[in-house]
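Asker:
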Amino acid sequence: MESWEAPKIQYYEAIRPKHPSDEEVLKMYSVAEQKEILKKQEILSVLAYFIGRDFQMPVLLNTPGSGWHWNFKENHVKVDPKDLLEKPMDYLRFVICHEGGHRRVSRTEFIPEEVWNQTGFPFLMNSIEDPRMNNFVADAYPTFEKYMEFAYEHDFELAEKAREEAKEKLGHTPKHIEAGLEYIRQWFYDRKKEPVEISDHLPEDVKDVVLKTLESARDSWWVYPSKEQADDGEDEISRFAESSYRINLEQIWPEFKKLVEEDKKTQGIGELTKDMKGSSGEGVPQNLKDNLTPEELKALEDVIDEAIKKEKEGKKDSPDSYESDEGMSVPINLDTLPESLKAKLKEYLDMLPDEKKKELEERAEKALKGVSEKVSESIGGQFERDKEKTGETSPPEQESASDESEDKSEQDTEKTTAEHMQELKKAVEEYKKKAEKVIERDSTPYDNALEEVIPIISSLENELRQVFVARRGSHWETGYKFGKKIDIKKRIQEKAKGVSVFDSRSWQKRELPQEKDYAISLLVDLSGSMQGEKIRETFKAIVVLAEVLNRLSIKTEILGFNNKIHEYQNFGEKISEDIRGRIGTMLNEVNSDRARYNDDGWALQEASGRLEKQKDVDQRILVVLSDGMPEESGAHGGPEFELSTIVKKVLARHTQRLIGLGIGSGTGHVSRFYPQSIANVSVDQMAESLAELIKDVIEHPQQT
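Reading the sequence shown from the start, the letters are residues 649 to 1352 in the numbering used here.
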């Protein structure tokens, strides 16, 4: 290991290594690793400031392998240096934005200590608060949503690992942890607008709790301020945070707590069996043996022997790591014990003297809290209250510039308060510029357009959902395992047949149209006449449709044309960063050599043929966006590609709805070619116009 030497790097207040633990952590790494850690720490600090809106919030190094968190009372973010070295930047960016989001809008000062300190309650809060924070960050800063999917796909792998670690530590995976992880899983697929059922691997009582509380969990993680509301100040932020907390406490916790209580009893058995196999243990007590069948006794002694064997093997590798006052540390594998044996162990536990029972309960709670914290850290960070200062009841206040100046003036009388103020102001401005550069560097043309048209996307998505729901009226379809309400008549019939609630197919749904209902093709003119403001505004309109149609699971194809077809999204492809990147290249295509041509007729024929191949759809819609007259290339000239001829062929099929959109003034010729068209669409109204057009064609489907 190379000796540590502080790298020569310009620090900003948020990452200045004034915290002793940072230097201690860095000493664990080589010089090359130190440089990489500090470089990434600086980048991530910029993002934490940008999201958290707190210039003085330090981003510190945590103990390697100890995860990430924002500490509410101390007001600092701790990042895991192990992750900085091992995980990709997209993952790191999202986690730091997530922690910055905690600083921005997470609040716990109104939660009484007696509530917060209940075993399992902080884990419940984290399980709901994490999705709430992700929703805030993704909606307030759309640029960062692209990191979210990558991060949580990765974190689901970590969640599986966390389950195994919990089982290794406790001998079982606590049920309340399973429920909390399921909330996060449900949120993730809810955010992606993908249907998801309760995980099959969950115990029945966990499924029952999740089913009873999932709607409340959804309500809670969608309760957060907009970016503008968060900017308005602390009152708005706290109002939303308290509303979310009230849902968690009043609607989720009563059911969730049942799992925690069951986990305490199970862990009590675990602590009891650890005593049976410790270095000073005497094996299975006689009064317990007397109550067990020979098979149950053998099962218990077998798992105890297996644990003792693991203890001995572990002690050979690390002689000082396995013994404690609470017996040996390797737990009994409780999942392998027969249910009848576990029930008798619980009865035996209840009959113990109060003093011993209290000791085991305290150990059980301690073990459960430790595992809960570890799992929270493993799945992307947590927000926590300082363990030593829980009596504080107000959010962290930023140290004022004047106070800082006065403190420094006592040490350096040559500098005036005004000079310190000026220095601090300059540092803030430099830091803001640095933040802007980081954000700009990570942004793509698609990201920039997306941020501008988010209000249009939200509005159109909501309007189309209302159209779909209204069209279906009060018709509810029965036959689902989960849904919004239950078909009482069918459920009564099922109960008569002995069908359990978990096997029931009596739930009803009023679904949005799925992919089979619509296929929409967008064909965009990318000839040279589209340069400048026309392509920029058309591009924004395409971004609106790409996001909305994909969110609604409508089959979508996005094509561009000049003298060739440019494929941006094909039918059957889900929107992804790769596809968004492809769409972003549309802006430069109008400047290429190919842009001299405008092969409208040939391109329309190609797009229509692709659309016709889409099976199991009720409505096929083809929208052509163009600003100019046809200007065929040599490859696609001739009467067979004349635009009016191709339009007639398409309409003659009676299977497609064809619409022309004339971009900009002087596009009245579009109406001559396309019987159904909108000409002379104002360039600066492109996004709104295309959104309104799509809403209209979906609201008034073509009769076939």
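Even for Gly, the Cβ is constructed at its ideal location relative to N, Cα and C. Please read all numbers here as calculations on a predicted model, not as lab measurements.
#1: Comparing C-alpha positions only, which one of E1290, I1346, I825 sits nearest to D1165?
#2: With 16 other CB atoms within 10 Å as the buried threshold, where does S972 fall?
#3: Distance check for E1185 and D1332, CA to CA, integer angstroms please.
#4: So the alpha helix (DSSP H) F836 belongs to, where does it begin and stop?
#5: Sorted by chain position, which residues of the same chain lie with C-beta nearer than 7 angstroms to P1349's C-beta, five sequence neighbours on each side aside?
#6: Are the CB atoms of A827 and V871 within a distance shorter than 8 angstroms?
#7: Name the residue from L945, G1249, N1218 whose alpha carbon lies nearest to the alpha carbon of H1284.
#8: Could you spell out where the beta strand (DSSP E) holding A1243 opens and where it closes?
#9: Could you tell me which of E1221, L997, Q1217 sits nearest to M1234, measuring between CA atoms?
#10: Which residue comes first and which comes last in the beta strand (DSSP E) that contains K688?
#11: Just curious, the beta strand (DSSP E) that T711 is in, first and last residue?
#12: Between K841 and the rest of its own chain, which residues show a CB-CB distance below 6 angstroms, the 5 nearest in sequence each way excluded?
#13: Give every residue of the same chain whose Cβ lies closer than 6 angstroms to the Cβ of D965, excluding the five residues on either side of it in the sequence, and list them in chain order.
#14: Run the CB neighbour count on F758, radius 10 Å, all protein chains shown included, and call it buried at 16 or more, exposed below.
#15: Who are S1154's beta bridge partners in DSSP?
#16: Can you name, in chain order, every residue of its own chain whose Cβ lies under 7 angstroms from the Cβ of L772, other than the five neighbours on each side?
#17: Starting from I1168, follow its DSSP beta bridges and name the residues at the other end.
#18: Report the three-state DSSP secondary structure of S1106 (helix, strand or coil).
#19: Which residues does DSSP pair with L1306 in a beta bridge?
#20: Are there 16 or more other CB atoms within 10 angstroms of the CB of P736, so buried, or fewer, so exposed?
#21: Specify the secondary structure class of D1275 as computed by DSSP and reduced to three states.
#22: Pull up the DSSP beta-bridge partners for S892, would you.
#23: Alpha carbons only, please: which of K688, I1136, I699 is nearest the one belonging to Q728?
#24: Beta-carbon separation of L1170 and I1206 under 8 angstroms?
#25: What runs of the alpha helix (DSSP H), each 4 residues or longer, lie entirely inside the stretch 710-787?
#26: Whole angstroms are fine: how far does the CA of V707 sit from the CA of W718?
#27: What does DSSP give as the partner residues of F1209 in its beta bridges?
#28: For my contact list, L818 and V1019 are in at a C-beta cut-off of 8 angstroms; report their separation, rounded to the angstrom.
#29: Between E1215 and G1310, what straight-line distance do the alpha-carbon atoms span, to the nearest angstrom?
#30: Return the CA-CA distance between L1341 and I1136, expressed in angstroms with no decimal places.
Answerer: Concretely, from the data shown:
#1: Distance check between D1165 and each of E1290, I1346, I825 places I1346 closest, using alpha-carbon atoms only.
#2: For S972, the pLDDT reaches just 39, beneath the cut-off of 50, and the residue's location in the model is therefore unreliable, leaving the point undetermined.
#3: 6 angstroms
#4: 823-839
#5: Q1267
#6: Not in contact: V871 and A827 (Cβ atoms no closer than 8 angstroms).
#7: G1249
#8: No beta strand (DSSP E) holds A1243; DSSP gives it neither H nor E.
#9: Q1217
#10: Segment 679-700 is the alpha helix (DSSP H) holding K688; no beta strand (DSSP E) there.
#11: Unbroken run through T711: none, as it is neither H nor E.
#12: R1199
#13: Because the pLDDT at D965 is just 46, under 50, the model does not fix this residue reliably, and the value given afterwards should be weighed accordingly. The beta carbon of D965 sits closer than 6 angstroms to none of the beta carbons in its chain outside the five residues before and after it.
#14: exposed
#15: In the DSSP output, where bridge partners are listed per residue, S1154 has none listed.
#16: G828, N896, I900, W901, F904
#17: T1204, I1269
#18: helix
#19: DSSP lists L1270 as partners of L1306.
#20: exposed
#21: coil
#22: S892 pairs with nothing; no bridge assigned.
#23: The identity of residue 728 in the sequence shown is Asp, whereas the question assumes Gln. Measuring from the Cα of D728, the nearest candidate turns out to be K688.
#24: yes
#25: 729-734, 737-753, 761-764
#26: 9 angstroms
#27: Within the DSSP bridge table, the entry for F1209 names D1173, I1213 as partners.
#28: 6 angstroms
#29: 21 angstroms
#30: 41 angstroms
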